[in-house]
Each structure stands twice: as C-alpha cells, then as structure tokens.
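In mature numbering (1 follows the signal peptide of the UniProt record, and there is no 0), the protein residues as written are -21 to -1, 1 to 284.
Note that beta-carbon positions come from the ideal geometry of N, C-alpha and C, so glycine has one too.
Values in this document were obtained by computation on a predicted structure and should not be read as measured data.
One structure below.
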C-alpha cells in the first residue's frame, strides 16, 4: 500500500492537502471528534492499525514501518480532547530483532481478550503475536493461502473475536473480479469465509469484531485528490458472512487516509468507531485519530448493502 499511495500523493506536496466541504456522511454513524497525533517525531507516522481499550482511554497504533505507539486518549464528556503518547518502539521478530526491509510493513492490529497483540504484515504476508507486556514476538503465523496475495496489496486488515478467533483480509487479490475472502483462523487452521464482496472501488484496510459480535470492515477509495472511507458490518455465521450493513460512507476528502479501526461500546451504550489515519510520512496528509459514534437507537439501522 505505502509505495502506491506515496507516489500518487506526492503530486500534492507542492500545495495544501485538498479539503472538501464537510458534507453529511451516509449511514447511521455520526462524526464526533478528530485529534492530531504527535508529528515531527522519528517513525511517528504511517499508522495503519489501531486498538482501543473497552473504556476508550488506552490505545495502541502500529505503523507500516514496523513500529508501535502506545498512549492514552484524553476525553472531555466522552469526546476526544487530546492524546498522551509514549515513545514509539520497534516491533520485534520472534528472534528479538526489529522487523526490517520488506518484512516491516505492519498493516493490521488485533488485541485478544487476554492481552495478546496480533499484528499482520503485507509484503511478507504473515502475522506475529505478542504476549501481553512482552516486546518480542511469541509466534509467527502464515499459510499457503497467502501466497496468492500481491506484494503491495496483501495482508491488510486483522480482527479477533471474544473467543480468540482471528479474521484476516488481504487488500487485493490477483484476480480483480474474484471476491475477496475473509480468512479465519481457528483450531482447525485457516479457512476462507465467503460473504464479503468489494464494490464501488472500495478496498478493505481495517477490521474489528464489535461488541455486538459483528465483523466491521473499514474500506478506502482513493480518488486521486482525496480519500473516501466506508465501514460495513457483517453477521458472522459458521460458514459465511451475511447480513451486510453500511454503517458509514464519507465524502471524498472528508478525512485523510483512514486505515485502522477499533470498535467499542461507550458508557451510554453507543458503539464508537475509532480510526487512525496513515499520513504516509508526508506533511500534506493528516496524522489523526478520528472517531464516529453510532447511537444506541441506530446501532442496527445501517443501510442494506
């Protein structure tokens, strides 16, 4: 992903990032707040995955240069108001060395109930797991199913449910018209779960299993002068995804390059969608945490896909 968009977006570097009027979004999700992440720090950027604690206070973000940023989200009356961050740290391999070269392109993050962090990488398509509080990767997951992923459009989105089952999505596959499968890892190994279909130029870039046990997929459409984002949610069946709902579709240029997605429920019972934007280490793109809220009364009122 980073190579393709870095080249395309570089054309905007001579001027300000194109902003469009904040037209209404489509879907039940309502924009709440956006805050800037620390800028001008070495390796503090390129964020492509995010996880937020159940109370919305603690977060971690992973970057496509193989780093992790941890911190706290400051809130006022439940709304984002600021951020406190620790220094960025490199993601380490199972051998204890920093991920490097083509193997450092971390794209997705999923936090298990026991605190284990799973990170997906494209390029060298694999998943590394990190036990709670441990900086060195504990396990490495891969599969022959991932061989067909393009080098710059591979393992992109990652999610985990309350039972510890992983869900992974490639951004692209070689055959453009072929449906993009959602890969599920359980005790029987990796299997392809049908039911998700790309359309209207949107590609999957983030995912999370929400407190309602639905799989939320964040998608991006790069239109040359700005990004549009969409979130769809799916019921998870034993053999397929079903009941797709459109939760949010933004207008082109409403936000930057939103990639990571964390879905959680706040104290008022509303579902919150917390996303992080990938600035591609370019000053013309925002480096932000963006949050939308789905009021409790509208949680099951997404538009049919």
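Margin query: Excluding the 5 residues flanking residue 50 on each side, which residues of the same chain have their C-beta closer than 7 Å to its C-beta?
Written below: 38, 62, 63, 64, 65
Notebook entry, point to check: Which stretch, first to last residue, makes up the beta strand (DSSP E) that contains residue 63?
Noted result: 58 to 64
Note to self: Between which residues of its own chain and residue 143 is the CB-CB distance below 6 Å, once the five residues before and five after are set aside?
What the structure shows: Contacts found: 91.
Notebook entry, point to check: Which residue comes first and which comes last in the beta strand (DSSP E) that contains residue 135?
Noted result: Per DSSP, residue 135 belongs to the beta strand (DSSP E) from 134 to 139.
Next item on the list: Give the DSSP-derived three-state secondary structure of residue 188 in the structure shown.
Entry: strand
Check: Counting Cβ pairs, one atom from each stretch, are 3 or more of them under 8 Å apart for the segment 187 to 204 and the segment 236 to 251?
Finding: yes
Margin query: On the CB-based measure, 16 or more other CB atoms within 10 Å of its CB, does residue 265 come out buried or exposed?
Written below: buried
Margin query: Mapping the DSSP letters down to three states, classify residue 100 as helix, strand or coil.
Written below: strand
Check: What did DSSP end up calling residue 258 once you bin it into helix, strand or coil?
Finding: It is coil, neither helix nor strand.
Check: Near residue 14, which residues of its chain fall below 7 Å by C-beta distance, leaving aside the five closest residues on each side in sequence?
Finding: Once the five neighbours on either side are set aside, the close Cβ partners of residue 14 are 59, 61, 62, 267, 268.
Note to self: Tell me the rounded alpha-carbon separation between residue 70 and residue 274.
What the structure shows: 36 Å
Check: In this structure, does DSSP put residue 206 in helix, strand or coil?
Finding: strand
Notebook entry, point to check: Can you tell me where the beta strand (DSSP E) with residue 170 in it begins and where it stops?
Noted result: 168 to 172
Margin query: Counting C-beta neighbours from all protein chains within 10 Å, is the total for residue 221 16 or more, i.e. buried, or is it exposed?
Written below: exposed
Note to self: Am I right that residue 199 and residue 227 are in contact with their C-beta atoms under 8 Å? What's the rounded C-beta distance?
What the structure shows: That pair is no contact at about 12 Å.
Notebook entry, point to check: By a C-beta neighbour count over all protein chains shown, 10 Å radius and 16 as the cutoff for buried, is residue 2 buried or exposed?
Noted result: Residue placement at residue 2 cannot be trusted, given a pLDDT of 48 that sits under 50; what the coordinates show is reported in the next sentence. Exposed.
Checklist line | For residue 247, the nearest candidate out of 41, 57, 40 (CA to CA) | finding: 57
Margin query: With the cut-off set at 9 Å, would you say residue 28 and residue 85 are in Cβ contact?
Written below: Yes, the Cβ-Cβ distance between residue 28 and residue 85 is below 9 Å.
Check: Can you tell which of 43, 77, 124 has the C-alpha that lies nearest to the C-alpha of residue 88?
Finding: 43
Notebook entry, point to check: Applying the criterion that 16 or more other CB atoms from any shown protein chain within 10 Å of the CB defines a buried residue, is residue 73 buried or exposed?
Noted result: exposed
Check: What three-state label does DSSP hand residue 128 in the structure shown?
Finding: coil
Note to self: With a threshold of 8 Å on Cβ separation, who are the neighbours of residue 118 within its own chain once the five nearest residues in sequence on each side are excluded?
What the structure shows: 73, 107, 108
Item checked: Rounded separation between residue 171 and residue 55 - CA only -> 42 Å
Next item on the list: Measure the Cβ-Cβ separation of residue 6 and residue 225 and say whether it is below 9 Å.
Entry: yes
Next item on the list: Taking all protein chains shown into account, decide if residue -1 is buried (16 or more other Cβ within 10 angstroms of its Cβ) or exposed.
Entry: Interpretation of residue -1 is limited by its pLDDT of 38, a score under 50 that renders its predicted location unreliable; the figure taken from the coordinates is listed afterwards. Under this definition residue -1 is an exposed residue.
Notebook entry, point to check: In three-state terms, what does DSSP make of residue 35?
Noted result: Coil at residue 35, not helix or strand.
Note to self: On a Cα-Cα basis, can you pick out the residue from 254, 101, 75 that is closest to residue 82?
What the structure shows: The residue with the shortest Cα to Cα distance from residue 82 is 101.
Note to self: Give me the DSSP bridge partner(s) of residue 199.
What the structure shows: 182, 208
Margin query: For residue 174, which residues in the same chain have their Cβ closer than 6 Å to its Cβ, ignoring the five residues on either side in sequence?
Written below: 219, 220, 221
Next item on the list: Output the distance between the C-alpha atoms of residue 214 and residue 223, rounded to the nearest integer angstrom.
Entry: 7 Å
Notebook entry, point to check: What do you get for residue 178, buried or exposed, if any count of 16 or more other CB atoms within 10 angstroms of its CB means buried?
Noted result: Exposed, since its Cβ has fewer than 16 Cβ neighbours within 10 Å.
Next item on the list: Output the distance between the C-alpha atoms of residue 22 and residue 160, rounded to the nearest integer angstrom.
Entry: 32 Å
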